[in-house]
Structure formats: structure tokens, C-alpha cells
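Some notes on the structure that comes next.
Chains as they are written, first to last, in the working numbering: chain A, -17 to 93; chain B, 251 to 364.
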């Protein structure tokens, strides 16, 4: 399996519910980033969490990082229909290294 | 808020033709990247560029690909002789510094090779 694998692959929830997406990776990392992509559009950076951080918040987003388990989760609270998109985690190894993306989770929020 | 821009948004070309995809990174950023995303698949790294030279490239970035920073603002990706499998969304990204910093992505250029 590859670096930066998200699960679930697809998630469908009702507006107002919370959405949790998970990401696992294999190598040691410098940081982990979450991106959002609306259908056929560009990647929007959501949040970056460094390897020495365990939790980070930004608005309705909460990201956790467990380096011992090599996993991260993205929680979107009180979801809205506008949150419907694909969400990708991307890891960065130490040094000047490129981002390695997972396959993403497709989130559908039903109004 | 400053953003990365890319042109064109869509490009259709015939197999074997050369294409140039253009990007204007955020003005104070020093590191530039190209990624691609084949339809329905994950985003893949192509190349990173710093101080007017390639700093890293992936196996995808073969001799058909080249990058250039022709002036102080543009960053281009050239595909010399396109193949059908080059059809993808191509994303440019930039960051202030390498390592810890966030990479900001452009909206992408959708390339279709016929």
C-alpha cells in the first residue's frame, strides 16, 4: 500500500452532522497537510500539522496526528452542503521533498 | 489574498504536439512545483524547482518534460511530444520555503490529448 491512504473512500452524511476522514502513511514525515478539491477544480489547502504537533484546529476543522500509529484524522464539524468535495491528505518527508498525496475521500453532504 | 494562477484552464491538443502550460506563482515564493492528476486518480508529483534549477523530479518527469522560469514571474511546464496518457489535470504550486511550508496550488490546467 502507498503513502497517504485515506479512508473511507466515500462518505455521505446529512447536513449538520460531523464528518471524519482518516489518513494513514508509512514513512516518517515532516508534516501532513489536508487539501480539499471540488469536482474538477484545484486543490485548496486546509490545514498543516507538523510532526511534533498532535492536534490543530481551524474553524470547523480539527486535525489530529498520531506519529506512533502513522495516522491522521480530519474532522469537519456541523457539516454544510458546501463542504461536499474530495479531501486529500498529503505527507511531506524531512528535507526538501515533494508532497505525496493519498487517493482522497469523497464527501457528500446532503441538505 | 495572493494566489497561484495558471493558463490556460483547458487545452486540447493532438498526440505528438508540443504544449506549454503556464503558471504564475505567488510573488514572494521561492519554490515551485508541478503535479498532475489523471482523472479519478491521486495527485502525483512531477518536479520541483528552486534557484533556477530542478531540485527533484519523479519518474514521470522524463525527457519529454521540461520546466523553465523564463522571467521573474512565470513558471512553465513544456511537454515536447504529447502522448494520450499525458491527458490529466496539471497543477502548479509554490511555497515560501521548502520543508515545513505550505504549498499553495493553482486551479490547474486540464490537458486533453487526442
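C-beta atoms are modelled at their ideal positions from N, C-alpha and C, and glycine is treated no differently.
Taking residue i and residue j to be in contact with their CB atoms under 8 Å, please state how far apart those CB atoms are, rounded to whole angstroms.
{"i": "residue 306(B)", "j": "residue 80(A)", "result": "6 Å"}
{"i": "residue 271(B)", "j": "residue 327(B)", "result": "5 Å"}
{"i": "residue 43(A)", "j": "residue 30(A)", "result": "Actually they are not in contact, since the Cβ atoms of residue 43(A) and residue 30(A) sit about 11 Å apart, beyond 8 Å."}
{"i": "residue 259(B)", "j": "residue 352(B)", "result": "23 Å between Cβ atoms; not a contact."}
{"i": "residue 295(B)", "j": "residue 308(B)", "result": "5 Å"}
Run through DSSP, which three-state label would residue i get?
{"i": "residue 48(A)", "result": "strand"}
{"i": "residue -11(A)", "result": "strand"}
{"i": "residue 355(B)", "result": "strand"}
{"i": "residue 450(B)", "result": "This structure cannot speak to residue 450(B), because chain B is shown only from 251 to 364."}
{"i": "residue -3(A)", "result": "coil"}
{"i": "residue 334(B)", "result": "helix"}
{"i": "residue 63(A)", "result": "helix"}
{"i": "residue 2(A)", "result": "strand"}
{"i": "residue 264(B)", "result": "coil"}
{"i": "residue 286(B)", "result": "strand"}
{"i": "residue 43(A)", "result": "strand"}
{"i": "residue 294(B)", "result": "strand"}
{"i": "residue 7(A)", "result": "coil"}
So, using beta-carbon positions, are residue i and residue j closer together than 8 Å?
{"i": "residue 281(B)", "j": "residue 347(B)", "result": "yes"}
{"i": "residue 341(B)", "j": "residue 14(A)", "result": "no"}
{"i": "residue -13(A)", "j": "residue 6(A)", "result": "yes"}
{"i": "residue 72(A)", "j": "residue 91(A)", "result": "no"}
{"i": "residue 22(A)", "j": "residue 61(A)", "result": "no"}
{"i": "residue 67(A)", "j": "residue 32(A)", "result": "no"}
{"i": "residue 323(B)", "j": "residue 279(B)", "result": "no"}
{"i": "residue 69(A)", "j": "residue 46(A)", "result": "no"}
{"i": "residue 268(B)", "j": "residue 319(B)", "result": "no"}
{"i": "residue 65(A)", "j": "residue 89(A)", "result": "yes"}
{"i": "residue 10(A)", "j": "residue 75(A)", "result": "yes"}
Which residue comes first and which comes last in the beta strand (DSSP E) that contains residue i?
{"i": "residue 40(A)", "result": "37 to 40"}
{"i": "residue 316(B)", "result": "315 to 318"}
{"i": "residue 25(A)", "result": "25 to 32"}
{"i": "residue 19(A)", "result": "13 to 19"}
{"i": "residue 270(B)", "result": "269 to 274"}
{"i": "residue 79(A)", "result": "Unbroken run through residue 79(A): none, as it is neither H nor E."}
{"i": "residue 329(B)", "result": "325 to 329"}
{"i": "residue 307(B)", "result": "303 to 307"}
{"i": "residue 58(A)", "result": "53 to 58"}
{"i": "residue 87(A)", "result": "87 to 92"}
Of the residues the options, which one's Cα is nearest the Cα of residue i?
{"i": "residue 336(B)", "options": "311(B), 355(B), 356(B) and 258(B)", "result": "311(B)"}
{"i": "residue 77(A)", "options": "354(B), 298(B) and 321(B)", "result": "298(B)"}
{"i": "residue 106(A)", "options": "37(A), 20(A), 28(A) and 42(A)", "result": "Absent from the structure is residue 106(A), since the part of chain A shown begins at -17 and ends at 93."}
{"i": "residue 252(B)", "options": "283(B), 301(B) and 274(B)", "result": "274(B)"}
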